[in-house]
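Encoded as structure tokens, the structure appears first; notes follow it.
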């Protein structure tokens, strides 16, 4: 059973205190991001997990950014997306985010839906 949406932000805060922010994001947001990645692949996705993701995106910008970059770059794997949410300030993750967004905005063949 998943944490209810109304409690998931408190669960994230509690886990951050106990485990540190990065590990808390992996533990609490990881399953929701995994579901998001399945949804982006056109697979069945648990609506409760997607609700959790929407709620968590309001609590941590890194979770929001990771979910958005996954939608922009479908070649990213789930582990990378979760790592981007958990470690947004790591050099590799900042570089990947910057390069992906630059490519998306600079490529004239990419058009918004």
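Residue numbers (the numbering used here): 177 to 289. We put the beta carbon where it would ideally sit given N, CA and C, even for glycine.
Query: Exposure of residue 266, with buried meaning 16 or more beta-carbon neighbours within 10 Å; Result: exposed
Query: For residue 250 and residue 272, believed in contact at Cβ under 8 angstroms, the rounded distance; Result: About 14 angstroms separates the two Cβ atoms, so there is no contact after all.
Query: Option nearest residue 237 by Cα separation, candidates 268, 198 and 224; Result: 198
Query: Member of 263, 248 and 231 whose CA lies at the smallest distance from the CA of residue 279; Result: 248
Query: Buried versus exposed call for residue 269 [16 or more other C-beta atoms within 10 Å across all chains shown]; Result: buried
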